[in-house]
Every structure is written in structure tokens, then in C-alpha cells.
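These protein sequence lines map, in sequence, to chains A and B. Be aware that the first sequence starts at 1, since it is given in my numbering, and climbs by one per residue. Be aware that the second sequence starts at 1001, since it is given in my numbering, and climbs by one per residue.
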Amino acid sequence: MEKRVYFKGWFLPALLIVPQLAITAIFFFYPAGTAIWWSLFNPDPFGLSTKFVGFANFDFLFSDPYYKESFYTTAIFSVLVTFFSMGLALFLAVLADRLIKGAGIYQTLLIWPYAVAPAIAGILWLFLFDTRTGLISWYLGLLGYDWNHLLNHNEAMGLVVAVSTWSRVSYNFLFFLAGLQAIPSTIIEAAAIDGARFWKRFWTIVFPLLSPMTFFLVVMNVVYAFFDTFGIIHTITKGGPGQSTTILVYKVYSDGFVGLDLGSSAAQSVILLIIVGILTILQFKFVEKKVHY
Amino acid sequence: MAGLTLRNVHKSFGKVKVIHGIDMEVENGEFIVIVGPSGCGKSTLLRMIAGLENVSDGDVLIDNLKVNDKEPMDRNIAMVFQNYALYPHMSVFNNMAYGLKIAGLPKSEIAERVRQGAMMLELDGLLDRKPRELSGGQRQRVAMGRAIVRQPAVFLFDEPLSNLDAKLRIQMRLEIKSLQQRLGTTSLFVTHDQIEAMTLADRMVVMNEGVAEQIGSPLDVFQKPETIFAAEFIGSPAMNIIKAISDGQSVKLENGTILKSLTQFNGEIWAGLRPEDLIPDKKGKIIMQIKMVEPIGASTILHGTLKNSDTQIVSMVQGLFNPRDRQPEMSFSISPEAIHLFNRDTGKRIDN
Ligand SMILES: Nc1ncnc2c1ncn2[C@@H]1O[C@H](COP(=O)(O)OP(=O)(O)O)[C@@H](O)[C@H]1O
Ligand SMILES: [Mg+2]
């Protein structure tokens, strides 16, 4: 039997959903609408007048090598962050799942990084890797390695990937652990009796059964790498050196607020909006794929 | 094929003791049923034999080889779980072939063994299906098939039939029995259902709170229960257990009824009378005041009390018995051999 509460009239229901609608309108529909609007205009450099340009902003973007490079950077960045944060989280979750004693403490500690805001995470890591004052870069210096992510493209990318991974592992860990604990223990035991040792069981039984969870997390992590890593990049590299860590969302910011090219910036946000839309559709399509157990 | 030996096997979970020392010797090819109420430690015992739980004390031997410290995969056993534990993402074929693939058998032999197993269990047409596309009974068969194709030394069954409906349960019970006889594989079968135990077992282990109360053939256990627990647990309706005093020639029930007995024992006892051993007899000494009549088809169960007392007693009489014709009182007699005597303090059987 389905239980439902029925409200009489419309006033109370309306009152209850107004706050959510307001938040969605103010923080989502209004900015998105504005972005779409502005993507069709071009202000003059002094901001004194704007001129309707149709899709010219988009035409310009698609022929802009810097924009193409930013796409490429974003692809590398999000693949690395997704791969490492999920791989590490899965490894930790598998270990935690086997723990009997102290599992609670271990899990709590692993969740902490999630509570750290991206910008703060960036600053924390800068204490370690700052080219002049960082602890680890100083030790690397003693070992004869000159760490300088402000000049070296690979080091810059490596550092933002590391920080983004670090602050995402907790989230993935929680989901993977829940997924592992949902697998009936008798299935694992049956496999053990059938002769499969730990890693064999992992690859032939556990990992396939986790696949719906893994897919969900891939989408969530790509979205994270695309958008939520802004604070980390902003505090650590500001998109540099050159354009080497300028992912799409950072380019929206730097073109719009630093370069003051509002038309192009708006067009870029519209493109990002479309990408999120596609990811969301993918997500919903595959979430319906049945979990096996 | 292999025998199985348990030597003084104990199990504790932390401070909680669950198994209190079980000894058992299982012959090659024997079908042993472990029967007892829920929570008495049956699964725990089976899981220790499988290697899924470690043994707190004592030894488990398979084929005279101590296996306490061996992993499940190194014990040459197969287990059928209550919830079947099929691999949900694999086809029936792959479920059955999984263990064989890991054992590294050649493809042709795997296919042949799975084919034979599937035929034995009438799964031929279902090999490409996923477990979720099967009925409960079919899943049960796949779980059996997975165990059979590995040709292990010992089969372990943990209440494999209790998720099936009554009719299917009886059918599968017969199939398991005939399959086991055909394959001749040593088997341990856990159940809480005494009828399953009686029908399947070569020998059964009656378990209660982590103790083996009696190990013996179903007939032995039924005819000569070693303890009050075994007496009450096996047989339906359960044996009547009545306070009594024995003087070596007769037994005096607590309401004063005196019955002739063959057991020479003087002192306070429990007298055990099976409901079906109470024979309606106009001259019988056991007088029952009838409270309720339960017709169950070929026979009728009568519930009531012994005359002049509150002592509950149940009898079972052959034939249909119309509840409307019920008399307020009926008298029964019982043959002296059918009276079981148990020690008042220990609950152990008293024999001559
Ligand atoms: N992993 C465990 N940890 C603690 N207690 C357990 C565990 N497994 C079983 N027990 C306890 O051991 C007793 C016997 O359980 P079990 O062997 O499953 O009984 P049965 O199979 O006869 O119903 C129960 O009281 C149960 O609560
Ligand atoms: Mg059990």
C-alpha cells in the first residue's frame, strides 16, 4: 500500500515549494538565462555599448586555438582526477570493507578531506609545495630536485590533479564502501569455496557487481573535475603557467573577469551548460540500468 | 570421496560460546543431516567445516587430513547456501563453470561437465539465462549444479530448501536424496525441519544450543531418543513428557495413573509417551479430558489434559474424527515398550 499525505487547497503546498523554486530561479535559471542572452552580444572594450552579434562569439571560440587547447587540458585533467580519485577510493574501500576492528575510526578519518572547501584544500597543499616556502618543495630541493610548478607545466598539472584527487577521494570512498557492503557476503563466500582467491574474487565478482556504482561515480567525478575544482586551480596555479592548467571553467572566469571579454565568456558558459546537460542525460539513462543484486 | 571427522569442535564469537564441543565421525558417502531449532549453531558448525569460520578449539579432518588452517578453496568441498548465492551477473552456464575455470580445466571438459550437471538437474534449456530470470526452484537447482560439477569430496547444504514453497520442497528433497545416492558423495545437510531430517538422513545429528544431543539413524533417534530434547524435537506432534515416578515395574504419572513398564528404575523420572502410541481403548487407564480436536486428514490430533490434573496431553488417532461427535473424555492404553523414561535431573534416557 502506498501511503500519501494529501493537502487540501493550494496555499500550503505552494508555500512549501516556494523557497526551493526561488533558490533554483535565482541561482540557476537567472544566471543561465543571462549567460545565454549575453552570449549573443558583444560589448565594446569600454563597456559603453553592446552590439548583437548572433553566433559570432561561438564561431570565434571554435576557431580559437586557445579554446581548443583548454578543451584538451580539461580532458586530461578530468581523466586523471577521475581515474586517481576513484582508483584510490576503491582501493581504500576494499581495505575498509575487510576491517572488523577500528573500521569506524578509519572511515571517519577518510571522510575528513571532504569537509575541506576546495580553495582551503589548495592553500593547505601550497604550504607543502610553494616554490619558496613549501615543506615538500624544500625537501625536494635538498634532494637536488628543483620543484617549480609556476614554471613547469607538468608539475603544475600534477599538483592540481593531486589536490583535486585528494579532496575527492572521501566522496568516492563513501559510495564504494556502501556499494561493497551491499554485496551479499554469501556470494563472496561461494566464490571463495569455488576456489577464487582475493584478487580473483575482486575482478570476477566484486568489480562487476559494483559497475552501476562505478558508472555513477565516473559521471559525478567528471562533473566535479569540470566545475568544482575551480577553487583549487585558482589558489594554486591561476590556470598557469601559460595556459597549462586552464580548464574550461577557469577560462570562463579568466576571459570574463580578467580579460573582460564578457561575450566570449558567456558563450563559453553556454557550452559548459550543454556539456553538463549531456552528462546528466547519460547519468539518468544508465542509472535505470538495473543493479544486479 | 572422503570421510569427515570432527574432534571436540568448539566455537566462540568473542565471549559468546556457540558450539560446545562436537565429536562426529562421518563415513565415506554418508548423508548426515544436522537438525535443530533456529539459532542452535547449525550454520556455524557447517561454516567451520567449509572454512568460512575459524575453529576456536578442536579439529576438523577431511579424509583424515586436518584442515583447520586451510582456506575454503583448499578443502575440496562445495556448499549450497540458503539464499543460493548465485553470481548475479553471470549466466547459468558461467555460474556452474566458475569453479572449473578457476581450477584451470580445459574448455572442452568444462563444457562437458556443465552439460552433464545441467542434464541431471533438468537445466538444459536455461544455460544462457541470468539468475534473475529464473524461478526460486530453478535457482535452487543451479546452486546444486554449481556444487555437483566440481565433483568435491564433501557437499555442504545450509537449509537449501527453506526458501521454496511446500510442494517444491518435497520434490527437491527427493531429488537431492536420489542425486546423492547416485553420486555417492559424503554430504552434510543442515535443516530445522525434522521431517526433512528424517527423510534424508542416513544418520542425523540432533543439535541443541551448540551441543549434539544425539547422533544416530532417524529410526534410532525416533525409537530411542537419548534426551528429552531429542524426544520432543523429533516426531510430530511432539512426544508427551509427563512427571512420573518409577518403581521398577510400573510408572505412576503425576495424576495418579499407573502404567505397566519394563524399565527397572526406582525414583523420580520424566515419562515420555508418543501421541501415536496412545491407543483408544475403553478399558485403558489413561483418561484424557478433550479440549480440542484437530482433524489433519488421515488421522486426528486430540488436545486435552489428564483426568484430575492440569497436565497437558496430546494423542493422535487413526481415521477421521468428526469434531462434533467429540466426547468429553476418552480413555487410552499404551504398550509397556512404548513408554520412554528420562532422568528427572539430566533429561537423559534411562534404559535397562
Ligand atoms: N558472526 C557472528 N557473530 C556473533 N554471533 C554469531 C555470529 N554468527 C552466528 N552467531 C550466533 O551464533 C548462534 C548460532 O547461530 P547459527 O549457527 O546461525 O544458528 P542456526 O544456523 O542453527 O540457526 C546464534 O546465537 C547467533 O546469534
Ligand atoms: Mg542457519
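Cβ atoms here follow ideal geometry from the backbone N, Cα and C, with glycine treated the same way. All figures in this text were calculated on a predicted structure; none of them were measured in a lab.
Residues of chain B with CB closer than 7 Å to the CB of residue 187/A, please, in chain order. Along the first sequence, one-based indexing puts residue 187/A at 187. Residues of chain B passing the Cβ test: 1085 and 1087.
Which whole runs of the beta strand (DSSP E) in the stretch 167-221 of chain A are 3 residues long or more, in chain order? none
Report back the beta-carbon spacing between residue 264/A and residue 71/A to the nearest angstrom; my notes put them in contact at under 8 Å. Within the first sequence, residue 264/A is the residue found at index 264, counting from 1. Within the first sequence, residue 71/A is the residue found at index 71, counting from 1. So it is not a contact: roughly 14 Å between Cβ atoms.
Does residue 181/A pass the burial test, meaning 16 or more other C-beta atoms within 10 Å, or should it be called exposed? Reading the first sequence from its first residue, position 181 is the one you call residue 181/A. Residue 181/A should be labelled exposed.
Considering only heavy atoms of ligand 1, list every residue whose Cβ is less than 5 Å from one of them, following chain order. 1013/B, 1018/B, 1038/B, 1039/B, 1040/B, 1041/B, 1042/B, 1043/B and 1044/B
Residue 140/A, enclosing alpha helix (DSSP H) - first and last residue: Residue 140/A sits at position 140 when you count from the first residue of the first sequence. Residues 135-142.
What do you reckon, is the C-beta of residue 1158/B under 7 Å from a heavy atom of ligand 2? One-based indexing of the second sequence puts residue 1158/B at position 158. The answer is yes for residue 1158/B.
Quick one: which residues of the stretch 186-212 of chain A get their C-beta closer than 9 Å to a C-beta of chain B? List them in chain order. 186, 187, 188, 189, 190, 191, 192, 193, 194, 195, 196, 197, 200, 204, 205, 208, 209 and 211
Of the residues 1220/B, 1194/B and 1319/B, the one placed nearest residue 1297/B, counting alpha carbons only: For the purposes of this step, residue 1297/B is taken as the residue at position 297 of the second sequence. It is 1319/B whose Cα lies nearest to the Cα of residue 1297/B.
Please list the partners that residue 184/A has in chain B, where partner means a Cβ-to-Cβ separation under 8 Å. Looking up residue 184/A in the first sequence gives position 184. Per Cβ cutoff of 8 Å: 1083 and 1085.
Along chain A, in chain order, which residues have C-beta atoms closer than 8 Å to that of residue 1073/B? Here residue 1073/B refers to the residue found at position 73 of the second sequence. Here the neighbours are 192, 193, 194, 195, 196 and 197.
Please list the terminal residues of the continuous alpha helix (DSSP H) segment that includes residue 1091/B. Within the second sequence, residue 1091/B is the residue found at index 91, counting from 1. From DSSP, residue 1091/B is part of no alpha helix (DSSP H); its letter is neither H nor E.
Could you check whether the stretch 1019-1027 of chain B touches the stretch 1170-1178 of chain B, counting it as contact only if at least three pairs of C-beta atoms, one from each stretch, sit closer than 8 Å? no
Step through the CB atoms of chain A and report whether any lies within less than 8 Å of the CB of residue 1136/B. The count along the second sequence starts at 1 and reaches residue 1136/B at position 136. Residue 1136/B does not count as touching chain A.
Chain-order list of residues whose beta-carbon lies under 6 Å from that of residue 1275/B (same chain, five-residue window excluded): What you label residue 1275/B is simply residue 275 of the second sequence in a count that begins at 1. Excluding positions up to five away in sequence, the list reads 1237, 1314, 1315 and 1316.
Measuring only the C-alpha atoms, how far is residue 1062/B from residue 1005/B? On the second sequence, position 62 is the one that residue 1062/B refers to. On the second sequence, position 5 is the one that residue 1005/B refers to. Rounded to whole angstroms, residue 1062/B to residue 1005/B spans 6 Å at the Cα level.
Let me check understanding here. Comparing Cα to Cα, which of 1344/B, 1322/B, 1285/B and 1291/B lies closest to residue 1382/B? Residue 1382/B lies beyond the stretch modelled for chain B, which goes from 1001 to 1352, so this question has no answer here.
Residues that residue 1077/B contacts on chain E, provided the C-beta gap is smaller than 8 Å: Note that chain E does not occur in the displayed structure, where the protein chains are A and B.
Indicate whether at least one CB of chain A lies closer than 8 Å to the CB of residue 1050/B. As a working mapping, residue 1050/B is identified with position 50 in the second sequence. Yes, its Cβ sits closer than 8 Å to a Cβ of chain A.
Along the chain, which unbroken stretches of the beta strand (DSSP E) at least 3 residues long are found entirely within the stretch 1007-1082 of chain B? 1016-1026, 1031-1035, 1057-1062 and 1077-1080
Just checking: is the beta-carbon of residue 1102/B within a distance shorter than 8 Å of some beta-carbon in chain A? Position 102 of the second sequence, counted from the start, is the residue given in the question as residue 1102/B. Yes, its Cβ sits closer than 8 Å to a Cβ of chain A.
Using 8 Å as the threshold, is the C-beta distance between residue 1380/B and residue 1221/B below it? There is no way to answer for residue 1380/B, as the model of chain B reaches only from 1001 to 1352.
Out of 63/A, 214/A, 42/A and 185/A, which one is the CA nearest neighbour of residue 261/A? Translated into the one-based positions of the first sequence, residue 261/A becomes position 261. Answer by Cα proximity: 42/A.
Taking C-alpha atoms, which residue in 1169/B, 1299/B, 1308/B and 1306/B lies nearest to residue 1321/B? Residue 1321/B sits at position 321 when you count from the first residue of the second sequence. Ranking 1169/B, 1299/B, 1308/B and 1306/B by Cα distance to residue 1321/B puts 1299/B first.
Proximal residues to residue 136/A (C-beta, below 7 Å), its chain only, five neighbours per side dropped: Position 136 of the first sequence holds residue 136/A. The residues are 128 and 129.
Residue 268/A and residue 69/A: beta carbons closer than 8 Å? Taking the first residue of the first sequence as 1, we reach residue 268/A at position 268. Taking the first residue of the first sequence as 1, we reach residue 69/A at position 69. No, they are not a contact pair.
What do you get for residue 233/A, buried or exposed, if any count of 16 or more other CB atoms within 10 angstroms of its CB means buried? By 1-based counting over the first sequence, the position of residue 233/A is 233. Classification for residue 233/A: buried.
Which of helix, strand or coil does DSSP assign to residue 268/A? Mapped onto the first sequence, residue 268/A falls at position 268. Of the three classes helix, strand and coil, the one that applies to residue 268/A here is helix, per DSSP.
Supposed contact pair residue 1092/B and residue 1129/B - C-beta distance, whole angstroms, cut 8 Å: By one-based count along the second sequence, residue 1129/B stands at place 129. By one-based count along the second sequence, residue 1092/B stands at place 92. At roughly 5 Å, the Cβ-Cβ gap stays under 8 Å, so residue 1129/B and residue 1092/B are in contact.
For the stretch 1108-1122 of chain B against the stretch 1155-1163 of chain B, do three or more pairs of beta-carbon atoms, one drawn from each stretch, fall closer than 8 Å, so that the two count as touching? no
Which residues in chain A have a C-beta closer than 7 Å to the C-beta of residue 1099/B? List them in chain order. On the second sequence, residue 1099/B is found 99 positions in, with the first residue counted as 1. Result: 194 and 195.
Quick one: give me the first and last residue of the beta strand (DSSP E) that residue 1119/B is part of. Within the second sequence, numbered from 1, the residue matching residue 1119/B stands at position 119. That residue, residue 1119/B, is in no beta strand (DSSP E); its alpha helix (DSSP H) goes 1107-1120.
Assumed close pair residue 1007/B, residue 1074/B - CB separation to whole angstroms, cut-off 8 Å: By one-based count along the second sequence, residue 1007/B stands at place 7. By one-based count along the second sequence, residue 1074/B stands at place 74. About 19 Å; that fails the 8 Å criterion.
Residue 186/A to residue 1087/B, Cα distance in whole Å? Residue numbering aside, residue 186/A sits at position 186 when the first sequence is read from its first letter. Residue numbering aside, residue 1087/B sits at position 87 when the second sequence is read from its first letter. Their Cα atoms are separated by approximately 10 Å.
Pairs of beta-carbons, one from the stretch 1225-1233 of chain B and one from the stretch 1338-1346 of chain B, closer than 8 Å: are there three or more? yes
Please tell me whether residue 992/B and residue 1033/B are closer than 8 Å, where the distance is taken between their beta carbons. Residue numbering for chain B in the displayed model covers 1001 to 1352; residue 992/B lies beyond these limits and cannot be assessed.
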